[in-house]
Amino acid sequence: MPRELTERDLSLLKKMAPECETLTCNGSGLPFRSLIPPVSNHFSTDQGDFQRRIRTLTRDDLEYLVSLIREGQESLGCVPLDHISILIDQVAREIGAGSAAEVLEIYEMSRACDE
3 MPRELTERDL
13 SLLKKMAPEC
23 ETLTCNGSGL
33 PFRSLIPPVS
43 NHFSTDQGDF
53 QRRIRTLTRD
63 DLEYLVSLIR
73 EGQESLGCVP
83 LDHISILIDQ
93 VAREIGAGSA
103 AEVLEIYEMS
113 RACDE
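If you read the sequence shown in our numbering, its first letter stands for residue 3, the second for the next number, and so on.
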């Protein structure tokens, strides 16, 4: 479900994508409503770049993102599988395998862009 980004969200977006100057998707013209999709699809140049950006997040940041994912507030549907794998690896490393498995399950149920 779309949400308006909070101050914490904006802080995390700036941490992962410091070059972000506008909160609007160039393709749709709509405001960003999640964090991972724009970092993946608009700012990351490749897998290594996405990994570098995700690794800027602290454990607390990742726990916050995972809680948003669990609540359906953070969309993963349009994120490429290779980027989801990077996110899941980082969640497993920082939070644990259980949370990583949960994120994967939610991703698999939300493949909106594949349909």
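We put the CB at the ideal spot given by N, CA and C, even for glycine.
Note that the structure is a prediction, hence the values are computed from the model and not measured.
| Item | Value |
| --- | --- |
| S69 (DSSP reduced to helix, strand or coil) | helix |
| As assigned by DSSP and simplified to three states, the class of S2 | The question about residue 2 has no answer here: the residues shown for the chain are numbered 3 through 117. |
| DSSP-derived helix/strand/coil call for P82 | coil |
| Local Cβ density within 10 Å of D11, reported as buried at 16 or more and exposed below that | buried |
| Which of helix, strand or coil DSSP assigns to S36 | coil |
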